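Peer 1: Each residue of the sequence shown is one higher than the one before, starting from 14 at the first, in the numbering used here.
I have a structure here, written as structure tokens, and I will follow up with some questions on it.
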Amino acid sequence: MDAANRDGRESVSVNRHSSAERRRSGPEWLGFLRAFLRAPSTVGAVLPSSAHLARMMLAGHDLQRARVVVELGPGTGAFTRFIEQAAHPEAVILALEVDASAVAWLRERHPRVQIEHDSAERIRAQLRSRGLDRADAILSGIPWAAMPAALQERIMGEVRAAMAPSAWFSTFTYLHSPRTARGAAYAALLARSFARVERSPMVWRNFPPAFVYRCATSA
Ligand SMILES: C[S@@+](CC[C@H](N)C(=O)[O-])C[C@H]1O[C@@H](n2cnc3c(N)ncnc32)[C@H](O)[C@@H]1O
């Protein structure tokens with residue numbers, strides 16, 4: 014899907030920018046806003062998620078037990094740094110992101126994370142190219158409630174197929190989403206796809222307020 018991924022094993026290139034270059038690239042939220050203006054339905058939010066929402070994405074799970082962790086749609090890395098901190102030192106952390114400038118930003122800041130310019134539809138291909146079979150944990154930042162139902166189904170099929178039997182999946186949605194047609198379709202898709210789906214408390218300290226669906230394949 015992406016020239017950089019033709020052999021599926023692009024190595025993580027760490028390109029450290031000078032502080033002057035970093036200042037020119039602007040704050041995180043500005044890059045995020047630019048990405049939103051370029052592709053509103055792909056980005057699905059005007060601001061990065063808060064640290065409060067990031068912590069809620071990880072709450073209730075022991076990431077230390079996971080050896081293969083996948084993040085979908087890391088954007089500017091709002092969840093990535095928390096995943097990095099919580100993960101086992103030997104865990105493989107793979108992140109798939111379709112926005113090329115976000116990929117460059119993330120590679121500079123998260124050298125430990127294997128960041129691929131690729132779609133969430135290709136989790137297994139990316140795992141296979143590393144000799145890995147399934148993921149133990151998948152955390153999603155992609156804007157499901159802004160996506161058409163067919164794409165939701167396709168990516169969810171991939172998520173389920175990429176999960177090890179005891180794996181878990183965390184995904185967030187905004188306060189208002191379940192009242193929208195696509196948000197309701199997403200909630201129904203989760204209920205069909207997983208044996209267990211729990212809703213976290215609302216995270217008010219996020220814009221917009223959001224909550225997390227914690228999902229598992231066994232009850
Ligand atoms: C709402 S932003 C979330 C970014 C970050 N996780 C956060 O919570 O602040 C959604 C991100 O998902 C990415 N994205 C959208 N569709 C994707 C797909 N099919 N595969 C991978 N990334 C995708 C977008 O480019 C964007 O960076």
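In this text, a Cβ means the ideal position worked out from N, Cα and C, and glycines have one as well.
None of these values were measured; they are calculated from a predicted model.
#1: Consult DSSP for Gln132 and reduce its assignment to one of helix, strand or coil.
#2: Consult DSSP for Thr184 and reduce its assignment to one of helix, strand or coil.
#3: Taking one C-beta from the segment 160-171 and one from the segment 196-207 each time, how about it: are there three or more such pairs within less than 8 Å?
#4: To the nearest angstrom, how far is the alpha carbon of Tyr199 from that of Gln165?
#5: Here's the rule: buried if 16 or more other CB atoms are within 10 angstroms of the residue's CB, otherwise exposed. What is Asp149?
#6: Going by beta carbon distance, what residues of the same chain come within less than 8 Å of Ala177, once the five residues before and after it are set aside?
#7: Sorted by chain position, which residues of the same chain lie with C-beta nearer than 6 Å to Arg78's C-beta, five sequence neighbours on each side aside?
#8: Please classify Gln98 as buried or exposed, where buried requires at least 16 other C-beta atoms within 10 Å of its C-beta.
#9: Only counting the same chain, and skipping five residues up and downstream in sequence, which positions put a Cβ closer than 8 Å to that of Ser63?
#10: Does the Cβ-Cβ distance between Phe185 and Ala223 come in under 7 Å?
#11: For Glu211, count neighbouring Cβ atoms within 10 angstroms of its own Cβ and tell me buried if that reaches 16, exposed if not.
#12: Measuring only from the beta carbon, is Phe182 closer than 6 Å to any heavy atom that is part of ligand 1?
#13: Does the beta-carbon of His189 have 16 or more other beta-carbons within 10 angstroms, so that it is buried, or is it exposed?
#14: Just to check my reading of the structure: Ala115 and Gly88 have Cβ atoms closer than 8 Å, yes? What is that Cβ distance to the nearest angstrom?
#15: Is any heavy atom in ligand 1 found nearer than 6 Å to the beta carbon of Ala113?
#16: On a CA-only basis, which of Ile96, Glu103, Arg195 and Leu107 is nearest Ala162? Give me that one, please.
#17: Between which two residues does the alpha helix (DSSP H) holding Val172 run?
#18: Take His65 and list the residues in its own chain whose beta-carbon comes closer than 7 Å to its own, dropping the five residues that flank it on each side.
#19: In its own chain, which residues sit with a C-beta less than 6 Å from the C-beta of Tyr187, not counting the 5 before and 5 after it?
Peer 2: Judging by the given coordinates:
#1: For the record, residue 132 in the displayed sequence is Ser; it is not Gln. Ser132 falls in the coil class under three-state DSSP.
#2: strand
#3: By the C-beta criterion, the segment 160-171 is judged to be in contact with the segment 196-207, since at least 3 inter-stretch pairs fall below 8 Å.
#4: When rounded, the distance between both Cα atoms is 7 Å.
#5: buried
#6: Val81, Asp146, Arg147, Ala148 and Asp149
#7: none
#8: exposed
#9: Around Ser63: Ala91, Val216, Arg218, Asn219 and Phe220.
#10: Closer than 7 Å, so yes.
#11: exposed
#12: no
#13: exposed
#14: Separation of the CB atoms of Ala115 and Gly88 is rounded to 6 Å, and the pair is thereby assigned contact status at 8 Å.
#15: no
#16: Distances from the alpha-carbon of Ala162 to those of Ile96, Glu103, Arg195 and Leu107 put Arg195 closest.
#17: Unbroken alpha helix (DSSP H) run through Val172: Ala162 to Ala175.
#18: Val216, Arg218 and Asn219
#19: Pro221 and Ala223
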